[in-house]
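Inspection log for the structure reproduced underneath, given as structure tokens.
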Amino acid sequence: MGPSGAGKSTLLDILAGKMKKGALTGSVLIGGKQLGTRQMRRVSGYVDQEDFLFPTMTVRESIAFSAHLRLPESIPHDEKERRVDKALVQLGLVHVANSPIGGRRKRGISGGEKRRVSIGVELVKSPSILFLDEPTSGLDSYNAAVVVRTLVDLAHVHGKTIVFTIHQPRSDLFQLFDDLLLLAKGRVVYFGPGSSATDHCISLDKPCPPQFNIADHLLDLAISQNGDSDEEGQTNTGVSRVPSNADLVLTGAKDSSVEAPNMFIRSATGDGAGSSASFATQLSMLWERAAKNMVRDPALMLAHNICGALLGIFIGAVFFGVDNTIGGIQNRLGSLFFMMSLIGFSSLSAIGAFAEERHIFVRERSNGFYSPEAYLIVKSSIDLLLLRILPAFFMTLFAFYMIGFQPGPTHFGRYMSVYLIFSALTGLLGLSIGSGIKDISTANLFGVILMLFKMLFAGLLINKQSIPTWINWIQYLSVFHYAFEALAVNDVGDLTINDSLSPGVPVSVPATFILDKFGLDIDNFWLDFGINAGLTGAMFLVLMCIVKFRMKELR
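Heads up: the sequence shown begins at 1 in the UniProt record's numbering, then just goes up one per residue.
Written out as structure tokens, the structure reads:
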């Protein structure tokens, strides 16, 4: 316990091996032995202050997801499911086992039940120690009491060591605490049995007033000491008879230390400490969850694909039946460019894809659910296939036949390949922006500006030959440039323009004349296609680096 800023969460992070920033001195010992981070992760579970759960998953599925990824591969499937059932019983969640978690768009289970699901996600791997950061935060008094009594039951009945922070508990909940560590300004104010706190205050001539919550009284003492220490640079002047640091540690606390330390050491290499799931299992579980999430919340997928089809029909109607006149060539190039622009800007919706799941991914990665590589393969595959490539396919398919681009399997195959590679590339670009920039507003602004600059140097809005020399190199950084040149060469390259300059004066010239004036090279189709394909692979590697090195827990 302790007032805000006392260091409760920091101490909990240090004990759980979660501290990632700052310098750390001293050591954390379990039974007189120091465990490494990986060993500590094996014997302990950590429940964050907030509930990071997939809203579309059910209670059982959320806990089972943790069980199948975090328990050793050597444990049979049926045994893992049995542990899931056991966790549901221990946490009183059997009656909502098949209910969805719920979120902002769809109502689900209560806040107290969500908190118990978060506990179950950690409990299912059978940790010896369970750390919880303010598990009652944001809950009403009833649900807070249910959560605390559940933790008491786990400690006294099921033999778990429960360590959690709490800000201001009710008096009846305070009586349930076996041991209490009271902090103020990062220093120990009291450490001993919770039942001895009242007597300790009396011994310091700071008795708790009648009918007053002892927890509130202790916090008042801690806060007054906290304030005086700020003013006088001391730790025991605000409440002069409250000892500081080690003097405050009561004998009772020493007696209540771990009774069977070897149990923790054995579990670091025993049943609960096996290696994480294989890469194949990680992919399988992530695919299953992603598929369920997409099926149960299909709004975004339907919006992308329906809009893609409708836009294809609309574009086809606007540019319907192009001919080989100069105006027809303009319409061909304009429609090709417009569809590229739609694909490019629709890919910016990928920026929000990581924004919604960032906290879930960071927590699950930190707790050893799966590797970032497995997550990225599944996440990018689902996003690119269902939200980028498939909508682009529908749009360009309808437009191809309605506009009247050059027919034949060769022209159609090249046309479709360029667009699908382009949609994958811009989708990966959107995912990279979304994963690299935490603030979604900033990410969207950056994405829009980047797309506009890339469009500018595509080869249609400004003639390549008129670009100033000092800035000419930018066109080679534009994915629009390579895609547009390939599409233009594929559809217009072998056409002949049949038009008339004035009535009775027909003109017939190769369309390559127009492409040449635009600065487009008719021999560059495969070069352009290869560059965009290579950039797609490179962008995936960039995204991998961002996810691996930036999207991780920093405390």
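Ideal placement from N, C-alpha and C gives every residue a C-beta, glycine not left out. Bear in mind that the values here come from a model prediction, so they are computed numbers and not experimental data.
Beta-bridge pairing of residue i - partner residues as DSSP gives them
i           : result
V47         : L132
residue 566 : With the chain covering 1 to 555 only, the question about residue 566 has no answer from this structure.
R187        : A184
I162        : L130
T58         : P100
E193        : Before going further, note that residue 193 is Pro rather than Glu in the sequence given. P193 is bridged to D179.
For residue i, three-class secondary structure by DSSP
i           : result
V258        : Bear in mind that the predicted position of V258 carries a pLDDT of just 41, short of 50, making it unreliable; the figure below should be weighed with that in mind. It is coil, neither helix nor strand.
P372        : helix
residue 556 : The requested residue 556 does not occur in the structure, where the chain is confined to residues 1 to 555.
C208        : coil
S9          : helix
F320        : coil
H156        : helix
R41         : helix
Residue from the options whose Cα sits closest to the Cα of residue i
i    : options                : result
T410 : Y419, I433, N490       : N490
F319 : G327, L130, N331, T325 : N331
E79  : P100, D51, S126, M57   : S126
Q175 : F394, H158, K454, V152 : V152
A355 : V163, D199, A303, L431 : L431
F529 : D494, Q49, L420, A353  : L420
G159 : N143, L123, K185, D516 : L123
A350 : F212, L139, G327, L386 : L386
R296 : S371, A309, T56        : T56
K206 : Y476, S195, L218       : L218
F480 : Y375, L336, F540       : L336
T325 : T496, I223, A291, I315 : T496
H95  : E81, H77, V59          : V59
K454 : G504, L182, R289, M340 : M340
L69  : A145, A87, N213, S276  : S276
M1   : V89, L132, V146, L181  : L181
V448 : S346, I546, L487       : S346
L41  : E50, I30, Q49, D51     : Per the sequence shown, residue 41 should be read as Arg rather than Leu. Comparing Cα positions, the closest option is I30.
R82  : V547, I63, L520        : I63
S141 : T165, L132, D172, F131 : D172
D323 : N98, E357, G404        : G404
Exposure of residue i, with buried meaning 16 or more beta-carbon neighbours within 10 Å
i    : result
E485 : buried
R550 : exposed
E364 : buried
L501 : exposed
K552 : exposed
T235 : With a pLDDT of only 40 at T235, under the threshold of 50, the placement of this residue in the model should not be trusted, and no figure is reported.
G36  : exposed
P3   : buried
S203 : exposed
R104 : exposed
G238 : Confidence at G238 is low in this model, with a pLDDT of 35, below 50, so its placement is unreliable and the value that follows should be read with caution. Classification for G238: buried.
I306 : exposed
I462 : exposed
A260 : Unreliable placement is indicated for A260, whose pLDDT of 44 sits below 50; the coordinate value is still reported in the next sentence. Classification of A260: exposed, given that the 10 Å Cβ count is below 16.
Considering only residues of the region 525-552, which uninterrupted alpha helix (DSSP H) runs meet the minimum length of 4 residues and lie entirely inside it, listed in chain order?
525-549
What are the start and end residues of each continuous alpha helix (DSSP H) run of 4 or more residues lying completely inside the region 391-417, in chain order?
none
Considering only residues of the region 463-535, which uninterrupted beta strand (DSSP E) runs meet the minimum length of 3 residues and lie entirely inside it, listed in chain order?
For the region 463-535, whole beta strand (DSSP E) runs of length 3 or above, ordered along the chain, are 496-502, 505-510.
Please list the segments of the alpha helix (DSSP H) lying wholly inside the region 283-357, counting only runs of 4 or more residues, in order along the chain.
299-318, 326-346
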